[in-house]
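Peer 1:
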Amino acid sequence: MKVLNCEQTRLLEKSQVDRGSTYYELMENAGVQAGKFLISRLGGKSGQEIAIVCGKGNNGGDGFVCAKYLKSQGLTPIILLVDGEPRTPDAVRAFNGAVDSRVTVWRIWESREKVLEKIRNADCIVDAVYGIGFKGELKPEMLEVIRAINNTHSRVLSVDLPSGVGCDDGSVINGGVKADITVTFSTPKVGQLLYPAMDYCGEVVIAPVGINKWLTAESDSVMETIEEQYLKDVLPPKKKSSNKGSVGTLLAVCGSFGMAGAAVMAAQAALKSGAGLLKMTMPKSIYSICAGYIPQAVFIPMEETEKGTLSRNNLDKIISEIESCTAVMVGCGLNIDEDVEALVCEIIRHSAKPIIIDADGINAVAKHINVLKEAKAPIVLTPHPGEMARLLGCRIADVQNDRLNVAKEFAMENNVTLVLKGANTIIASPNGKCMVNTTGNSGMSKGGSGDVLAGMLGAFVSQGADMFNSAAAAVFCHGKAGDITAQELGMLSMQPTDLISRLPFVYKEVL
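In the numbering used here, the protein residues as written are 669 to 1179.
1. For Arg1017, tell me which candidate among Ile987, Glu1006, Ala1034, Ala995 has the shortest Cα-Cα distance.
2. Report the start-end ranges of each alpha helix (DSSP H) in the region 773-812 that is 4 residues or longer and not cut off at the edges.
3. Tell me whether Arg823 sits in a helix, a strand or coil according to DSSP, three-state version.
4. Can you list, in chain order, the residues of its chain with a C-beta nearer than 7 Å to that of Gly1100? Leave out the 5 residues immediately preceding and following it.
5. Using three-state DSSP, classify Ile841 as helix, strand or coil.
6. Less than 8 Å between the C-beta atoms of Leu918 and Met997, yes or no?
7. Taking the alpha helix (DSSP H) that Cys869 falls in, what are its first and last residues?
8. Between the Cα of Ala1127 and the Cα atoms of Ser1138, Asn982, Ser1117, which residue gives the shortest distance?
9. When you compare only the Cα positions, how much space is there between Asp795 and Leu679?
10. Start and end of the beta strand (DSSP E) containing Glu972?
11. Give me the DSSP bridge partner(s) of Glu892.
12. Measure how close the beta-carbons of Val767 and Ile793 come, nearest whole angstrom, since I'm counting them as under 8 Å.
13. Bridge partners of Ala717, per DSSP?
14. Classify Ala1133 as helix, strand or coil using the three-state DSSP reduction.
15. Write down the C-beta distance between Pro969 and Lys952 rounded to the nearest angstrom, noting that I regard them as a contact closer than 8 Å.
16. What first and last residue would you give for the beta strand (DSSP E) that runs through Ala1027?
17. Name the two residues that bound the continuous alpha helix (DSSP H) containing Pro1164.
18. When you compare the region 681-689 with the region 833-851, are there three or more beta-carbon pairs, one atom per stretch, that lie closer than 8 Å?
19. Taking one C-beta from the region 1153-1160 and one from the region 929-940 each time, how about it: are there three or more such pairs within less than 8 Å?
20. Looking at C-alpha atoms only, which residue of Glu989, Thr973, Ser992 is the closest neighbour of Leu1002?
21. Return the bridge partner residues of Ala875 from the DSSP annotation.
22. In this structure, does DSSP put Met1056 in helix, strand or coil?
23. What residues in its chain sit with their C-beta under 6 Å from that of Ser769, if we drop five residues either side in the sequence?
24. Give the DSSP-derived three-state secondary structure of Val902 in the structure shown.
25. Grab the span of the beta strand (DSSP E) containing Pro951 for me, first residue to last.
26. Going by Cα to Cα distance, which pick from Ser914, Val858, Asn764 is closest to Asp1070?
27. Less than 8 Å between the C-beta atoms of Ala930 and Ala1027, yes or no?
28. Should Ala1189 go down as buried or exposed, given a rule of 16 or more other Cβ atoms within 10 Å for buried?
29. Leaving aside the five residues before and after Arg1132 along the sequence, list all residues of the same chain whose C-beta is less than 6 Å from its C-beta, in chain order.
30. For Pro1022, which option in Asn1083, Ser941, Thr677 has the closest C-alpha, if you only look at C-alpha atoms?
31. What distance in whole Å lies between the Cβ atoms of Asn727 and Val827, which are believed to be in contact at a cut-off of 8 Å?
32. Candidates Ile1037, Thr977, Ala1020, Ile990: which alpha carbon is nearest Val1008's?
33. Of all the beta strand (DSSP E) runs that stay within the bounds of the region 684-732, which reach a length of 3 or more residues?
34. Closer than 8 Å is the cut-off here; do at least three beta carbon pairs connect the region 753-763 with the region 781-793?
35. When the Cα atoms are used, what is the spatial distance from Val1178 to Thr1165?
36. Are Leu945 and Arg980 touching if we call contact CB-CB under 8 Å?
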């Protein structure tokens, strides 16, 4: 599904109006949809007093229509004007319609304390102050209104976007409405899928307002959400004559003394994700551990340093092994030292096969960032925010506050596919295309989850799937396995190994 910014949303609406609709019809549809969701999802019922907190623009107009609709359904809506009289022609028309329906109106400039009291005592609140057009900081007088909304125990529905939240970047500079549900229209908006705005939107539901689907399909977008139907054709179909050599051979350059578990989890996930043959290089000291957990793999124990990491003396042997594989996965549990850094950089320089780089592989790259420009083969990097900050030499907060642009710019500048992990993982391609994932949960925030994802991604790439599509598919299925696990076991106790055992059920459904 396409994800639009403010300007793209305006252009989409204009395209519909150019084909015979009116802006007021879109406003009416939006306001009625908001009212329907308030009744069905927030439990609004006859006799309840609903505070419709409205601005002076078209978001306020949506609120006025919502008030009129709720009045017709037997509820008691009250309109609270908190930013001036309605000023756009459509908002004025909607306001007059609500007044004609005998909806009570209170103006904050006439009785500030009364308006704040109405907010505090409301059974439900509709936030229709700013919507998608807001940018910058809230004024002090508006902050007081928003604090009043947030300090109530009432359920809150925001129309299109919580007031105070930036539509284009998900920014919340000095405060915003914390909604229980955000009803947005036609498509998701960029800000709803980015941190920190996600903490303010609550549940996001998408409601139709009369815009033709083909117009939406043809509209420009900032990014797209990953949908199940997108994944159906990611993996090349297997022929009846397929054998282990023809469906992909993955080489895993992983593990070190004390971190065999990372290599094991990545390997198990790769095998559950369809890798035809898995070869594993690891320090000799952890060979027996890995072999005990993964009998299907071909093991290549190698020389190690005193620290228990792979020695740089193994380079020629690793490069030789890469030649017989279809993809190479580097990083899970490698640890970091000068030998590991040298190995990772030389693999990047010499490999003619696609490379998946995770964990300490990323930490090695961060110290030699220009090596990415020497790569011969496609590369995908899978950093979490801390690793991304190391790649850029910045603070984690700088990454989290601009996740989409950080991922997009890094991918384009370094000609890599980037998977920026975290809540709503972002996948960015070298050509600027971006996707955002909506599966997964906080129960997955445990050591080892990234190793599972790396193994899945390595398996997909080894089977011949496109790098960007592989990343999108792996991230989506990884999150879906996490959601199934959370439902069965609960987020507190679930472990990354539990995700691996759920992967077959996800793949059976999705792929």
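Beta carbons: idealized from backbone N, C-alpha and C, even for Gly.
Peer 2: Taking the geometry as given:
1. When C-alpha distances from Arg1017 are compared across Ile987, Glu1006, Ala1034, Ala995, the shortest belongs to Ile987.
2. 780-789
3. strand
4. If we look at Gly1100 and ignore the five residues flanking it on each side, its Cβ neighbours are Lys1076, Met1080.
5. coil
6. yes
7. Per DSSP, the continuous alpha helix (DSSP H) segment holding Cys869 begins and ends at 866-869.
8. Ser1138
9. 24 Å
10. Here Glu972 belongs to no beta strand (DSSP E), and DSSP marks it neither H nor E.
11. Answer by DSSP bridge pairing, in chain order: Lys670, Met1103.
12. About 20 Å; that fails the 8 Å criterion.
13. The amino acid at residue 717 is misidentified as Ala; the sequence shows Glu. Answer is Thr744.
14. coil
15. 4 Å
16. Ala1027 -> no beta strand (DSSP E), and no H or E assigned at all.
17. 1164-1178
18. no
19. In this structure the region 1153-1160 does not lie against the region 929-940, because fewer than three pairs of beta carbons, one per stretch, are closer than 8 Å.
20. Thr973
21. Phe853
22. Note: Met1056 maps to helix in three-state DSSP.
23. Lys736, Lys739
24. coil
25. 945-951
26. Looking at the Cα atoms, Val858 is the closest of the given residues.
27. For Ala930 and Ala1027, yes; Cβs fall inside 8 Å.
28. Past the boundaries of the shown model lies residue 1189; the chain is included only from 669 to 1179, so the question cannot be answered.
29. Note on residue identity: the sequence assigns Gly, not Arg, to residue 1132. Here the set comprises Pro904.
30. For Pro1022, the nearest C-alpha among the options comes from Asn1083.
31. A Cβ-Cβ distance of about 6 Å is found for the pair Val827 and Asn727, placing them in contact under the 8 Å criterion.
32. Thr977
33. 717-722, all fully within the region 684-732.
34. no
35. 20 Å
36. no
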